[in-house]
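If you read the protein sequences in the order shown, they are chains A and B.
Just add 10 to the spot in the first sequence (first one is 1) and you have our numbering.
Just add 236 to the spot in the second sequence (first one is 1) and you have our numbering.
Beta carbons are placed, not taken as given, at the ideal position from N, Cα and C, and that holds for glycine.
The structure presented is a predicted model; accordingly, all values stated were derived computationally and were not measured.
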Amino acid sequence: MKEYLLLFRGGEGPDDHESPEAWQQHMQKWMQWMGSLQEDGKLIGAQPLNETGKVVRGTGKVISDGPFMEGKEMVGGYLACKANSYDEALEISSGCPILEFENGIVEVREISELKM
Amino acid sequence: MKKEIQVLTDSLFRREAGKMVAVLVKIFGIENLQLSEDVVQETFITAVQNWALKGLPENPPAWLMRVAKNKAINAIRRNKYSSNIDFSDPDRKLLQSEYTMSAQMEKLWQEDEIQDDLMRMMFACCHEQLSPENQITLILKTLCGFSTSEIASAFLTSEENISKRLYRTREFFRKEKIKPEFPEDNQIQERIEAVLKAIYLIFNEGYNSGKSNELIRKDLLHQAMYLCKLLCDHSQTQLPQVYAAMALMCFHASRIESRITPEGEIVLLAQQDRGNWNAQLISEGVQYLNKAASGEKLSTYHIEAAIAYEHCVTKNYEDTNWKQILAYYDLLFQLYPTSVVALNRLTVVYKLKGGEFTLKELKKSEFLKEWQKNYLYYSLLGEIYAESDKALAETNYLKAISLTSAEAEIRLLNKKIADL
């Protein structure tokens, strides 16, 4: 079994929803999605990320405000999971509730083993 | 106003503490029992501070649950990556992620699950590898919201001693990773036996001991009956012996006001004001006893309840049906042949057949050696000799006094000597 990192971009936050109830309903879907991954023993971990951030760059370790992308393309969260193949990882990803939004993006990346 | 809030919160906290701990244990794992207890304690502190300032909320139990839930969320966040909490447990994995934590918390905190959680916790508290003493200490602490000092004064021991007991029990849970759950169907009889025994011990601690103060004694009675009622009300635990134990406690509790004066003096059955017995509790006891009359298994609780029932429905002491009571004791002894039952049985034999016969029975009993450590044996001897040999009666009463530390019993025995 391989490991995959799913990076979430776009989507909507609590303030974009009409009401706290609508937001709760949306989060219930995350619960179902992640719950079934957990039941299959495939969930490794997941967390949302804050919108604010900093960037440290190069040998000079220069710190600047970031991330530098357009707001909605910023990584807003991640989920690490196990899957047998890219296909399965993609199938898992297609159930992600962030895809309920037109601007929702899930980037699927396999975690690689570094050559020793 | 402050005083009122204090009184109300005390009894509210007693009731809600167990429920909260039961849910929190599910959230943190029983290996973190201390953390669960701490969250409950912090919740109560927050409540007292908040209510003193703003008055009581509309629904205090719901308020407590909400605050405890928020404190649990904070504790989970603090421990998200700590090895203290086992997040590999299926129920807990989803608590680790912010995406699912709040929904999972709601799921674990469902109101209709709480009674089940409480039952599971009760079974865990009565784990067979814990001594009865440790079981009831833990029950009082976790399910009844007693403080260590209250438990210490109930058992006339030091707070340090109680803390040690609790510490050892928590360590046991931590090491053995005991998960609170309902016993398997084929084990329920055995496990419920242990739970009833612990509950009845708590009850007896309140009923018998003249040693602790009246408030704590009554509290113990109430808590024992509350826990037993939970068992009576739950579909998986409403077994005949559970109803029988509940009936027994109702009958005993109906007489508590007449049995011990406000000054802590014991009033003997013969002298009790029967008009003062609590008719409500007696009729509840009868209802439970009726419910207990099913199934094939006759428990000691059935028989003891039947004996207590006989006393409860007899208008005057002189009318007591000792013959019937002796028949019950014969049955009880068959089922549970212990020295205490044998001695109690002979106390009834004495009422029916007089001193001479009883003395013979006492002397030839196999339990003689054990009785000689029990003040009740010498108390009975004193009573028997009081008719014939006052000096010998006094000697026996004095011997009885030397064998008990319960002050109310000692005062009673001294009174018997004075009456000789």
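When C-beta atoms of the region 82-100 of chain A are compared with those of the region 16-29 of chain A, three or more pairs fall below 8 Å, so the two segments count as touching.
In the pairwise beta carbon analysis, the region 310-322 of chain B is classified as touching the region 256-276 of chain B: at least three pairs are separated by under 8 Å.
The DSSP-derived three-state label of Gln508 (chain B) is coil. Per DSSP, Gly63 (chain A) lies in no alpha helix (DSSP H); the unbroken beta strand (DSSP E) holding it starts and ends at 63-67. The C-beta separation of Cys91 (chain A) from Leu47 (chain A) comes to about 6 Å, placing the pair in contact by the 8 Å criterion. For Val276 (chain B), the uninterrupted alpha helix (DSSP H) run begins and ends at 269-290, by DSSP. Closest in C-alpha terms to Gln42 (chain A), from the list B:Arg491, B:Pro419, B:Glu420, B:Tyr335, comes B:Tyr335. For the region 48-78 of chain A, the set of positions with a beta-carbon nearer than 8 Å to some beta-carbon of chain B reads Gln48, Glu49, Leu53, Gly55, Ala56, Gln57, Pro58 in chain order. For the C-beta of Ser333 (chain B), the chain A residues within less than 7 Å are, from N- to C-terminus, Met44, Gly55, Ala56, Gln57.
Interface residue (Cβ-Cβ distance to chain B less than 9 Å): Leu15 (chain A) is not classified as such.
For Gln340 (chain B), at least one C-beta of chain A is nearer than 9 Å to its own C-beta. Sequence-distant partners of Leu109 (chain A) (beyond 5 residues in either direction) whose C-beta falls short of 7 Å from its own C-beta, in its chain, are Val116.
Ser74 (chain A): member of the beta strand (DSSP E) spanning 72-76, first to last residue. In the DSSP assignment, Tyr88 (chain A) falls within the beta strand (DSSP E) that extends over 85-93. Approximately 13 Å separates the beta-carbon atoms of Ile502 (chain B) and Ala636 (chain B); this is outside 8 Å, ruling out the contact.
Cβ neighbours of Phe409 (chain B) within its own chain (closer than 7 Å, five residues either side excluded): Ile266, Glu267, Leu269.
Counting C-beta pairs with one atom in each stretch, the region 359-368 of chain B and the region 420-431 of chain B have three or more that are closer than 8 Å, which means they touch.
If you compare the alpha carbons of B:Leu466, B:Gln516, B:Ala481, B:His547 with that of Leu505 (chain B), the shortest gap goes to B:His547.
Looking at B:Leu568, B:Asn552, B:Leu617, B:Thr574, the one whose alpha-carbon comes closest to that of Thr583 (chain B) is B:Leu617. With respect to chain B, the C-beta atom of Met126 (chain A) has no partner C-beta closer than 9 Å. Considering only B:Tyr553, B:Ala480, B:Ser389, the residue with the shortest C-alpha distance to Tyr524 (chain B) is B:Ala480.
In chain order, Met341, Trp345 place their CB closer than 7 Å to the CB of Lys305 (chain B), counting only its own chain and leaving out the 5 sequence neighbours on each side. Where Ile121 (chain A) is concerned, there is no enclosing beta strand (DSSP E), because DSSP gives it neither an H nor an E. With respect to the C-alpha of Trp607 (chain B), the residue from B:Leu300, B:Val549, B:Thr640, B:Lys626 having the closest C-alpha is B:Thr640. Beta-bridge partners assigned by DSSP to Phe18 (chain A): A:Gly87, A:Val116. Taking a cut-off of 8 Å for Cβ pairs, the region 556-564 of chain B and the region 450-466 of chain B do not touch, as fewer than three such pairs fall below it. Of B:Asn320, B:Thr245, B:Ile263, B:Asn422, the smallest CA-CA separation from Asn286 (chain B) is found for B:Thr245.
Note on geometry: alpha-carbon atoms of Ala288 (chain B) and Ile321 (chain B) lie some 34 Å from one another. Met84 (chain A) is outside the set of residues whose beta carbon lies under 9 Å from a beta carbon in chain B. Note on Ile281 (chain B): under 16 other CB atoms within 10 angstroms of its CB, so exposed under the neighbour-count rule.
Between Ala489 (chain B) and Tyr443 (chain B), the C-beta spacing is below 9 Å. In this structure, Lys465 (chain B) lies near Met482 (chain B), with their beta-carbon atoms less than 9 Å apart. CA-CA distance, Gln242 (chain B) to Gln474 (chain B), rounds to 34 Å. Between Ile350 (chain B) and Lys255 (chain B), the C-beta spacing is below 9 Å.
Under DSSP, Ala56 (chain A) takes part in a beta bridge, and its partners are A:Leu89.
The beta carbon of Trp40 (chain A) sits closer than 7 Å to the beta carbons of Pro107 from its chain, once the five residues preceding and following it are set aside; these are given in chain order.
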